[in-house]
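Residue numbers (our numbering): 20 to 269.
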């Protein structure tokens, strides 16, 4: 299906909506530059991941119901978060099944497979690697746990970054180790979380990169906070913001 005729929505996620609205703006700007007529359903809220992860499955039922109502009828739903996309694709079926509502289960089965993390959508659906971006900086990439382990995005973020003009991508040591955020894990196990994050921040510093990039702002918030407190002088940026960047005047 041609991008111009696809009905595409952005699921911005509650974390981005609350704390990182620039990421959602970057996704819309990027997709429109690629010819996608993207929409933002105002009824969207949370994916319910926090509730499910902490055992409140029943409380997640109305959240999942709101999700399927907000995104019904779209050919694709794009999320700038591997964590939230994984929650929709893997946890919503569990929630719907536990609800005992056959209609909700059918709606989830229809919509969940249409939810994509940003790099998946760009490469697998649009068939695009070079998005026309320009970002003249030394960059290292943190591959987030949910995008790698639950969604299986593989090296898609790396492919996209290597195609950005002016960008120098440097390997991150121990890249596949978790950053330690883990949502409520960071709240319940703060000492372990900080220790894991400190290891990740040390590896980022070792690269000599100017910018740390990831596909989840939750991870960037955790690692970036540690880098800031260490006065490392390294920016944390979402993949969408890098891909939306263009040459001045372009």
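All C-beta atoms, glycine included, are put in the ideal place defined by N, C-alpha and C. Please read these numbers as outputs of a predicted model, since none were measured by experiment.
Cβ-Cβ distance between residue i and residue j below 8 Å
i, j, result
"residue 51", "residue 95", "no"
"residue 101", "residue 166", "yes"
"residue 65", "residue 82", "yes"
"residue 158", "residue 188", "yes"
"residue 242", "residue 197", "no"
"residue 35", "residue 99", "yes"
"residue 26", "residue 135", "no"
"residue 69", "residue 109", "no"
"residue 219", "residue 257", "no"
"residue 87", "residue 79", "no"
"residue 24", "residue 97", "no"
"residue 191", "residue 222", "yes"
"residue 235", "residue 163", "yes"
"residue 145", "residue 53", "yes"
"residue 89", "residue 60", "yes"
"residue 113", "residue 84", "no"
"residue 182", "residue 143", "no"
"residue 55", "residue 22", "yes"
CA-to-CA distance, residue j to residue i, given in whole angstroms
i, j, result
"residue 33", "residue 185", "32 Å"
"residue 153", "residue 260", "11 Å"
"residue 73", "residue 240", "21 Å"
"residue 250", "residue 200", "20 Å"
"residue 116", "residue 156", "47 Å"
"residue 48", "residue 263", "7 Å"
"residue 62", "residue 43", "15 Å"
"residue 237", "residue 203", "11 Å"
"residue 67", "residue 172", "22 Å"
"residue 125", "residue 77", "18 Å"
"residue 141", "residue 147", "6 Å"
"residue 248", "residue 224", "13 Å"
"residue 252", "residue 119", "51 Å"
"residue 127", "residue 233", "28 Å"
"residue 40", "residue 31", "8 Å"
"residue 75", "residue 267", "48 Å"
"residue 151", "residue 194", "26 Å"
"residue 178", "residue 228", "18 Å"
"residue 212", "residue 38", "20 Å"
"residue 107", "residue 131", "6 Å"
Beta bridge counterpart(s) of residue i as assigned by DSSP
i, result
"residue 233", "257"
"residue 135", "97"
"residue 58", "28"
"residue 75", "Answer is none; residue 75 lacks a bridge partner."
"residue 19", "The displayed coordinates of the chain run from 20 to 269. Any statement about residue 19 would go beyond what the structure contains."
Buried or exposed by the 16-neighbour rule on C-beta atoms within 10 Å, applied to residue i
i, result
"residue 226", "buried"
"residue 12", "The structure shown has nothing for residue 12, since the chain only spans 20 to 269."
"residue 111", "buried"
"residue 129", "exposed"
"residue 205", "buried"
"residue 175", "buried"
"residue 139", "buried"
"residue 216", "buried"
"residue 255", "buried"
"residue 91", "exposed"
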